[in-house]
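Residue numbers (the working numbering): 195 to 335.
We treat Cβ as the ideally placed atom computed from N, Cα and C, and that holds for glycine.
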């Protein structure tokens, strides 16, 4: 975290805009920013390890928490959680997601294990998912 003070900048000169990078132009226009009037831009384009490690965010596989994994869960509450996805999609769709976005070479085995595990109990916690995946990978080695 970087904290500093710029005493020569007034609050009227700084504007915080929340949105997706792909919407940047539309967001700036909506905020009334005219072309050629920006002197600088500060962008937060990623996530920090603190965000990923916070159990309540549902990303951490080391600390148990709800299986959420949404970056903007508060902003988009109707967006499906990771628990919704792993408990609803069929084996082929899960394998496709794991292969495409996770570049996982054991995608089919993991997807099969998820489908088998969720037939016994819904997967709602990060540690549940981690355990299913770890069991699959241990047996694959």
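- Per DSSP, the continuous alpha helix (DSSP H) segment holding residue 294 begins and ends at 285 to 296.
- In this structure, DSSP gives residue 319 an extended state, which the three-state scheme calls strand.
- Bridge partners of residue 260 according to DSSP: 319.
- Residue 243 and residue 250 have their C-alpha atoms some 14 Å from each other.
- With respect to residue 327, residue 291 sits apart: the two C-beta atoms are not nearer than 9 Å.
- If you compare the alpha carbons of 324, 320 and 308 with that of residue 248, the shortest gap goes to 320.
- Taking a cut-off of 8 Å for Cβ pairs, the stretch 305 to 325 and the stretch 277 to 293 touch, as three or more such pairs fall below it.
- Taking every protein chain shown into account, the CB of residue 254 has 16 or more other CB atoms within 10 angstroms, so this residue is buried.
- One Cα belongs to residue 329, the other to residue 311, and the distance between them is close to 11 Å.
- Counting other Cβ atoms within 10 Å of its Cβ, residue 225 stays below 16 and is therefore classed as exposed.
- Cα atoms of residue 288 and residue 211: separation of roughly 34 Å, rounded to the nearest angstrom.
- In the assembly as shown, residue 332 is an exposed residue. Its beta-carbon has fewer than 16 other beta-carbons within 10 Å.
- By alpha-carbon distance to residue 283, the top candidate from 229, 294, 233 and 308 is 308.
- In the three-state scheme derived from DSSP, where H, G and I count as helix and E and B as strand, residue 303 is classed as helix.
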